[in-house]
Amino acid sequence: MSAPTTLTDLTIAAARKGLAARDFTARELAAAHLAAMERHKDLNAYIVATPDQALAMAEASDVRLATGKAGALEGIPLGIKDLFCTKDVQTTAASRILEGFRPPYESTVSQNLWDAGAVMLGKTNLDEFAMGSSNMTSAFGGVKNPWKRRGDDRDLVPGGSSGGSAAAVAARIAMGATATDTGGSIRQPAAFCGVVGIKPTYGRCSRWGIVAFASSLDQAGPIARDVRDTAILLRAMAGHDPKDSTSVPRPVPDYEAALGRSLKGLRFGIPREYRLDGLSPEIQRLWDQGIAWLRDAGAEPVEISLPHTKYALPAYYIVAPAEASSNLARYDGVRFGLRVPGNSIEELYEHSRAAGFGAEVRRRILIGTYVLSAGYYDAYYLKAQKVRALIARDFEQAYQSCDVILTPTAPSAAFAMGEKMDDPVAMYLNDVFTVTVNLAGLPGISVPAGLSQDGLPLGLQLIGRAFDEETLFAVSHVLEGAAGFAARPGA
Amino acid sequence: MSLDKATVARVATLARIKLPDADLEKMAGELQIIMAWIEQLGEVDTSDVAPMSSVVAHVLSQRVDQVTDGGYADAVTRNAADRIQLGDGAFFVVPKVIE
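Chains as they are written, first to last, in my numbering: chain A, 344 to 834; chain B, 56 to 154.
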């Protein structure tokens, strides 16, 4: 019998074996995580914990395990980003405007996980409406990264927007977590917290029941502690859903089967334009190391060009706010969420939205409204959509000479809470390596590959062809093995 | 192009977000920084490029035009700040719209 502290260290793959062998019960596994969540409350990784539900689900899992009816994730305790609607459990998108909202329905992705037997520990914190790269815009307070710089006690951000999910997985208060990625919101926090996160191809996971931010860019994916666990989770989350017209009717492969695939003859692209002026030398070193690891595994590096990279972030900051301003029009104080009274219905809308939305969300709604307003649509929105087409074309051309692309995930390691808060553009630059992938709808994965000079995790990103997540898992598994990343927070 | 206070006030009205006059200046400054940074898109020649609105290559599926969901007004209105039950119906309540 393992002690509770060790149960929370297990990978999902190991826990699955232990549960099947009845070395421990799903209830013990859930209880160990709930106790750890209680000890790590200061991280603020969860907005809501659901201990009663977790134990009830775990007990049901134990019955299915005992009767040979176990699903692929039977008894595995997970955190659910508080952007996924969960039936009768408060879903806020980390916004005051949705405080107290209890959806009468369940998102397709979370339902898929429950159908596979997974157990819900609670709803993880995030940037408000997933708009941010630090988790500092949450109406429920920032999340602390469980990692700290060597010899420096300052609290660091976990990245964002899926900061609660990444921090929870790194701190061993969830075995895995759901996340979403609109411009880098799975991959950047995964890199900042030393865990693995994959944003699958647009259309791979259903968006139904996920609070919408920018509908043409949003995509759900998992965060877990290793590549195998991420593959296991994605397989359960993905799949066609008639309720989301952009979800794609393609069979979901057994992603785990791609692990261990040989890289002999594989060509991996190194985009020239990602060698930014002023790129930190330790990020450059990590990237060079990644190239050497893949070469040692028999793959061949190819220099490629993605000429419109520089324009991806500015294009994103038209497309995403434009779509957000439209999606967030539904928060009007009438059907759900916060209501602040007014003398007319217009005043009710204006007061409710002013009180309910935080500063960053207000900013983006105003940008989106401005670029879509009469006289500016062609100059901004249409222009951005054309630049987006060029960015997608850059990738198409690059994939004529390579099979996968290797880049850093983020331009720096985690920064301190409160840093980069004065200049919105400086904050946006966190996504410089990840945002192109959303604009082109491609899959991208971040794997921890090393430590910065002051002891913080750094991630490498792999970008794949559309619906070729299997190559991403195969290659990232090799990187993971070569990096042998064993450091953990608080150690 | 410059985003002055009057423009921000107009956009805030369009977006139905009440901005106090005291905040307009600060917001105009922040938005101006972001919009100035976005202006670099003007460097890209897009004269022969079709705009991309979706990355999904497949043709959207079609289904029979019929009601497939509904019939639970109670669940739909449950999260409203103000609602009323009248007979079998559940309704959202808003300030008077028609004089």
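Positions of the beta carbon are idealized from the N, C-alpha and C atoms, including for glycine.
Asked                                                                                                                     : Found
Run of the alpha helix (DSSP H) containing G84 of chain B, from where it starts to where it stops                         : 76–93
Meets three-Cβ-pair contact criterion under 8 Å: the stretch 533–553 of chain A and the stretch 785–792 of chain A        : yes
Distance CB(T652 of chain A)-CB(P614 of chain A) smaller than 8 Å                                                         : yes
Where the alpha helix (DSSP H) through K729 of chain A begins and ends                                                    : 726–741
Contacts of G676 of chain A in chain B (Cβ-Cβ under 7 Å)                                                                  : A136
6 Å Cβ shell around M344 of chain A - same chain, five flanking residues per side excluded                                : Legend: pLDDT at M344 of chain A = 43, less than 50; position of this residue unreliable, no value from coordinates given.
K424 of chain A (DSSP reduced to helix, strand or coil)                                                                   : strand
Nearest residue (CA-CA) to A105 of chain B, options A:L725, A:G680, A:Q740                                                : A:L725
CB of P767 of chain A within 8 Å of CB of F828 of chain A, strictly                                                       : no
Within chain E, partners of F427 of chain A - CB distance below 7 Å                                                       : The structure shown contains no chain E; its protein chains are A and B.
Coil, strand or helix - I856 of chain A by DSSP                                                                           : Limits of chain A in this structure are 344 at one end and 834 at the other, which puts residue 856 of chain A out of reach.
Proximal residues of chain B, C-beta to C-beta of S559 of chain A below 8 Å                                               : S108, S109, V110
Reference E417 of chain A; option with closest CA among A:V591, A:V432, A:N455                                            : A:N455
Complete beta strand (DSSP E) runs within the stretch 574–644 of chain A (minimum length 3 residues, chain order)         : 610–614
Chain B contact residues for L733 of chain A, given Cβ-Cβ distances below 8 Å                                             : V99, T101, V104
L141 of chain B at chain A interface by Cβ criterion, 8 Å                                                                 : no
Neighbouring residues, chain A, relative to L96 of chain B (Cβ below 7 Å)                                                 : Y654, P657, A658, K726, A727, V730
Identity of the residues DSSP links to P800 of chain A by a beta bridge                                                   : A:L794
Length-filtered (3 minimum) beta strand (DSSP E) runs lying within the stretch 643–694 of chain A                         : 643–647
Paired residues, beta bridge with P489 of chain A - DSSP                                                                  : BP columns for P489 of chain A are empty, so no partner.
6 Å CB neighbourhood of R497 of chain A in its chain, flanking five on each side removed                                  : A759
Within-8 Å CB hit, K73 of chain B to chain A                                                                              : yes
Any chain B beta carbon closer than 8 Å to R493 of chain A                                                                : no
Beta carbon proximity, R445 of chain A to chain B, threshold 8 Å                                                          : yes
Residue interval of the alpha helix (DSSP H) (run including K60 of chain B)                                               : 60–69
Which listed residue (A:A375, A:A635, A:I734, A:R382) has its alpha carbon closest to that of E489 of chain A             : For clarity, residue 489 of chain A is Pro in the given sequence; the question names Glu instead. Here the closest residue by C-alpha is A:R382.
Sufficient close CB pairs (3 or more, under 8 Å) joining the stretch 566–573 of chain A to the stretch 805–820 of chain A : yes
Pick from A:L464, A:D774, A:P501 that is closest to T429 of chain A, judged by C-alpha positions                          : A:L464
For F738 of chain A and V704 of chain A, the rounded distance between their alpha carbons                                 : 31 Å
Residue range of the unbroken beta strand (DSSP E) whose run includes L749 of chain A                                     : 747–751
Listed by chain order, chain A residues near L168 of chain B by CB distance under 7 Å                                     : Look at the range of chain B in this structure, 56 to 154, and you will see that residue 168 of chain B is not part of it.
Three-way DSSP call (helix, strand, coil) for M463 of chain A in this model                                               : strand
Same chain only: Cβ atoms within 6 Å of G612 of chain A, ignoring 5 sequence neighbours per side                          : V645, I647, A741, C745, I748
Within chain B, partners of T712 of chain A - CB distance below 7 Å                                                       : V66, L69, A70
Range of the contiguous alpha helix (DSSP H) that encloses G540 of chain A                                                : Not the alpha helix (DSSP H): G540 of chain A falls in the beta strand (DSSP E), residues 539–542.
Element boundaries [beta strand (DSSP E), containing D524 of chain A]                                                     : 519–524
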